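No gaps in the numbering here: position 4 of the sequence shown is 36 in our numbering, and each next residue is one more. Beta carbons: idealized from backbone N, C-alpha and C, even for Gly. Values in this document were obtained by computation on a predicted structure and should not be read as measured data. Structure record follows, encoded as structure tokens.
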Amino acid sequence: MASLGNNYSNDVLHKDAANVDLAHEYSANSNNLHHCHHSAVSWGAVLAGTTAAAALSLILIILGFGLGMSSISVWSGQGISTETLGITTILWLAFTQIIAYGMGGYLAGRLRTKWVSVHSDEVYFRDTAHGFLTWALASLLCATLLTSVIGSIVGGSAKAGATIIGGTSSALITGASANMDVVSKSMPSSDNLTNYMIGTLFRKEPTSESATAIEPSAETNVNGATSQQTNQVPDVMSIFMNSMGDATLPQSDVKYVGRVVSQNTGLSQQDAEKRVEQTFASLQEKKASAITLAKTTAEKARKVAANTSLWFFVMLLVGAFSASLAATWGGKSRDY
């Protein structure tokens with residue numbers, strides 16, 4: 033009987049031990065199954081970092097816009113130069129990228145789920161990916177905000193800034209646009225320049241009699257041209273415009289326009305033809321200068337636009353690197 037009792041006790045102990053082993057194995061399998069189905073990306077942490085990065089970028093950009101507008105002036109000799117404004121804009125954008133996206137990446141790494149039984153290299157890669165995703169989403173969000181909300185909030189200030197320095201993403205591009213606006217407004221239009229030069233053909237030399245005369249002898253318009261001259265101006269203008277692509281005015285046209293000028297000014301035929309040739313040469317020179325100035329301004333604007341695009345590209349890379357690196361720091365702080 034004692035032997036049977038001992039055997040029964042041993043069987044019970046073996047069964048209890050087997051049940052404990054099965055329970056441990058089930059618990060381990062459940063944990064492994066949980067880890068297998070757990071996502072490698074903590075989207076909650078990514079969205080939190082994205083929100084922080086976008087908000088901080090928005091604040092810093094508005095601050096930089098205000099500082100930039102306060103450092104320039106419409107008055108000559110006051111405020112910083114365009115070159116200085118461009119350099120400070122680049123430095124401020126770099127500061128914004130590092131601070132804003134660094135903060136967003138750190139939060140994404142710090143708030144993500146702790147990964148158990150994952151190799152350290154895989155953890156480092158996942159943290160880097162969290163930072164990169166935070167940068168990507170925040171960049172898209174900032175681009176949307178800057179093209180919609182910010183445009184409506186600071187629309188009036190942006191227009192004023194465009195008048196002074198020309199527009200933001202960008203200080204350099206707007207500065208070039210302002211230069212083009214100033215040049216276009218300062219240059220006389222093609223029609224006005226041609227009308228003025230044609231008007232000089234019919235200009236009479238002042239005499240003592242004409243200086244003491246109270247009223248002109250012929251009926252004149254507001255520009256001082258007689259009605260006969262007014263009828264002849266379109267003809268002369270068409271002759272000039274037809275030959276603008278040539279180096280000189282054809283001799284037949286010179287003689288014809290010279291006769292018209294001689295009849296209206298009292299100059300000799302030879303002096304009238306000389307005036308015609310000089311006026312045509314002066315008109316060509318002024319238009320060539322205007323074209324050269326326009327091309328020079330356009331070339332400067334092209335270079336500014338190219339440099340601005342390249343610097344924005346570099347700044348975006350700086351932001352991506354800052355977010356990814358800061359996410360690894362946040363991940364290490366989370367695990368340890």
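Distance check for residue j and residue i, CA to CA, integer angstroms please.
{"i": "A208", "j": "A338", "result": "Its pLDDT being 44, under 50, A208 is placed unreliably by the model, and the measurement read from it follows with that caveat. Going from the Cα of A208 to the Cα of A338 covers about 12 Å."}
{"i": "L357", "j": "A87", "result": "20 Å"}
{"i": "W107", "j": "D303", "result": "47 Å"}
{"i": "A175", "j": "L169", "result": "10 Å"}
{"i": "Q301", "j": "V293", "result": "8 Å"}
{"i": "P282", "j": "K318", "result": "20 Å"}
{"i": "S365", "j": "W124", "result": "29 Å"}
{"i": "G141", "j": "L92", "result": "23 Å"}
{"i": "I131", "j": "M347", "result": "12 Å"}
{"i": "S74", "j": "H162", "result": "8 Å"}
{"i": "G134", "j": "G277", "result": "60 Å"}
{"i": "A190", "j": "H151", "result": "In this prediction, A190 has a pLDDT of 47, which is less than 50 and means its spatial position is unreliable; what the coordinates show is noted afterwards. Taking the straight line from one Cα to the other gives about 51 Å."}
{"i": "I271", "j": "Q295", "result": "18 Å"}
{"i": "K236", "j": "S284", "result": "23 Å"}
{"i": "T120", "j": "F344", "result": "14 Å"}
{"i": "R291", "j": "Q264", "result": "12 Å"}
{"i": "L349", "j": "I122", "result": "13 Å"}
{"i": "L99", "j": "S113", "result": "14 Å"}
{"i": "T329", "j": "F97", "result": "25 Å"}
{"i": "T324", "j": "A333", "result": "14 Å"}
{"i": "T206", "j": "L177", "result": "The predicted model places T206 with a pLDDT of 45, which falls under 50 and marks its position as unreliable, so this point remains unresolved."}
{"i": "L299", "j": "G109", "result": "49 Å"}
What residues are listed by DSSP as bridge partners for residue i?
{"i": "I104", "result": "G111"}
Kindly indicate which residue of the options has the alpha-carbon position closest to the one of residue i.
{"i": "R307", "options": "V346, I91, A161, G231", "result": "G231"}
{"i": "T145", "options": "A132, D159, G134", "result": "D159"}
{"i": "S180", "options": "L90, V346, E309", "result": "L90"}
{"i": "G111", "options": "L117, L349, S103", "result": "S103"}
{"i": "Y228", "options": "L172, F312, E154", "result": "F312"}
{"i": "G137", "options": "V155, V78, G118", "result": "V78"}
{"i": "G4", "options": "L139, T120, I122, E115", "result": "Here the chain comprises residues numbered 33 to 368, so residue 4 is not present and cannot be evaluated."}
{"i": "V289", "options": "D267, T280, N274", "result": "D267"}
{"i": "L95", "options": "T128, A84, A85, S275", "result": "T128"}
{"i": "A355", "options": "A126, E154, A333", "result": "A126"}
{"i": "L173", "options": "T83, A333, W361, K335", "result": "T83"}
{"i": "G362", "options": "T166, T116, L117, G109", "result": "T166"}
{"i": "Q310", "options": "V286, E331, L325, T329", "result": "V286"}
{"i": "A320", "options": "A72, T226, S113", "result": "T226"}
{"i": "S71", "options": "S105, M101, V155, G118", "result": "V155"}
{"i": "N274", "options": "K335, Q316, K327", "result": "Q316"}
With 16 other CB atoms within 10 Å as the buried threshold, where does residue i fall?
{"i": "L11", "result": "The chain is shown only over 33 to 368; residue 11 falls outside these bounds and no answer can be derived."}
{"i": "G76", "result": "exposed"}
{"i": "F234", "result": "buried"}
{"i": "V148", "result": "exposed"}
{"i": "G351", "result": "buried"}
{"i": "S171", "result": "buried"}
{"i": "L204", "result": "At L204, the pLDDT of 40 sits below 50, so the modelled position is not reliable; the number obtained from the coordinates is stated separately. Buried, because 16 or more other Cβ atoms sit within 10 Å of the Cβ of L204."}
{"i": "E115", "result": "exposed"}
{"i": "G118", "result": "buried"}
{"i": "T360", "result": "buried"}
{"i": "Y368", "result": "exposed"}
{"i": "E331", "result": "exposed"}
{"i": "A85", "result": "buried"}
{"i": "T280", "result": "exposed"}
DSSP state of residue i, grouped into three classes?
{"i": "E331", "result": "helix"}
{"i": "V148", "result": "coil"}
{"i": "K318", "result": "helix"}
{"i": "G118", "result": "helix"}
{"i": "P266", "result": "helix"}
{"i": "Y386", "result": "Nothing can be reported for residue 386, as the shown portion of the chain is limited to 33 through 368."}
{"i": "A279", "result": "coil"}
{"i": "D367", "result": "helix"}
{"i": "E237", "result": "coil"}
{"i": "V350", "result": "helix"}
{"i": "A72", "result": "coil"}
{"i": "L95", "result": "helix"}
{"i": "S300", "result": "coil"}
{"i": "L143", "result": "coil"}
{"i": "S180", "result": "coil"}
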